[in-house]
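Positions 18 to 176 (our numbering) are the ones given, in order, by the sequence shown. Quick reminder that beta carbons are idealized off the backbone N, C-alpha and C, glycines included. Here's the structure we're looking at; comments come further down.
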Amino acid sequence: MFKPVQYNDSLKDSYTTLNKQLDALLSGERDMTANLANASALLNQFLDRVNWAGFYLYKEGELVLGPFHGLPACVRIPLGKGVCGTAAAERKTIRVDDVHAFPGHIACDAASRSEVVVPLLKEGELLGVLDIDSPEKNRFTEEETLYLEEFVDVLVRHL
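Encoded structure:
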């Protein structure tokens with residue numbers, strides 16, 4: 018049974034605990050949808066000052082909405098469009114301090130001000146992206162972005 022914990026340690030220690038929880042939560046389950054749903058729920062209870070946390074899955078040349086927590090979202094995003102599509106096309110993490118300054122930003126939620134997108138890559142194959150939005154500018158630090166990449170590494174081992 019999953020029990021929420023308080024993350025009052027350093028950012029590094031909090032993410033270490035989070036990643037251990039993720040690994041235990043997904044252990045033994047192979048269904049991608051179930052694992053992504055639990056991962057987005059775990060992130061939603063862990064992260065503060067965010068308004069959207071979830072996944073877009075790579076299907077037939079575009080990103081399609083997957084499990085998430087937040088307001089209804091854009092359903093399909095072409096590769097190379099917006100932060101998600103660009104991160105997927107370039108297969109690299111993109112952190113944006115002010116989404117309104119990002120060329121071609123797709124505003125699924127008008128309240129979003131900053132965003133971080135981490136590609137889900139398994140053996141070089143693009144599976145999708147983790148997308149997290151915040152209503153605050155400059156919400157995501159470089160350090161936290163690295164920890165989110167570690168979170169995705171743990172997740173991808175279970176997909």
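Residue interval of the beta strand (DSSP E) (run including residue i)
i, result
"ALA70", "69 to 76"
"PHE63", "Not the beta strand (DSSP E): PHE63 falls in the alpha helix (DSSP H), residues 49 to 63."
"PHE219", "Beyond the ends of the chain as shown, which are 18 and 176, falls residue 219; an answer cannot be given."
"ILE94", "93 to 95"
Contacting residues, own chain, Cβ-Cβ under 6 Å from residue i (five flanking each side not counted)
i, result
"ILE149", "VAL67, ALA70, VAL133"
"LEU74", "VAL81, GLY83, GLY145"
"ASN61", "ALA70, HIS86"
"LEU88", "ASP126"
Identity of the residues DSSP links to residue i by a beta bridge
i, result
"LYS109", "Paired residue(s): none; LYS109 is not in a bridge."
"SER131", "SER151"
"VAL146", "TYR73, PRO136"
Nearest residue (CA-CA) to residue i, options the options
i, options, result
"ALA106", "VAL171, ILE94, ILE123, ASP40", "ILE94"
"LYS76", "VAL92, ARG112, LEU88", "VAL92"
"ASP65", "VAL169, PHE168, GLU153, GLY99", "GLU153"
"LEU163", "LYS139, LEU143, LYS109", "LYS109"
"ALA127", "ALA90, ASN25, ALA104", "ALA90"
"VAL100", "ALA124, LEU88, GLY78", "ALA124"
"SER129", "SER151, SER31, THR158, PHE72", "SER151"
"PHE63", "PHE119, GLY45, LYS37", "LYS37"
For residue j and residue i, believed in contact at Cβ under 8 Å, the rounded distance
i, j, result
"VAL135", "LEU165", "5 Å"
"VAL173", "LEU39", "Their Cβ separation, rounded to whole angstroms, is 11 Å, which puts VAL173 and LEU39 out of contact at 8 Å."
"HIS86", "ALA58", "6 Å"
"ASN55", "LEU42", "5 Å"
"LEU28", "GLU160", "6 Å"
"GLY121", "LYS139", "Actually they do not touch by this definition, with Cβ atoms about 27 Å apart."
"VAL169", "LEU143", "Between LEU143 and VAL169 the Cβ distance is about 12 Å, and since that is not below 8 Å, they are no contact."
"LEU176", "MET49", "5 Å"
Own chain partners of residue i with C-beta closer than 7 Å, once the 5 adjacent residues on each side are dropped
i, result
"GLY102", "LEU80, ILE94, PRO95, LEU96"
"ASP114", "SER131, LYS154, ASN155"
Terminal residues of the alpha helix (DSSP H) in which residue i lies
i, result
"LEU39", "28 to 43"
"HIS159", "One detail in the question is off: residue 159 reads as Glu in this sequence, not His. That run of the alpha helix (DSSP H) goes 159 to 173."
Residues near residue i by beta carbon distance below 8 Å, same chain, minus five either side
i, result
"ALA104", "THR110, ILE111, VAL134, VAL135, PRO136, VAL146"
"GLU167", "TYR32, ASN36"
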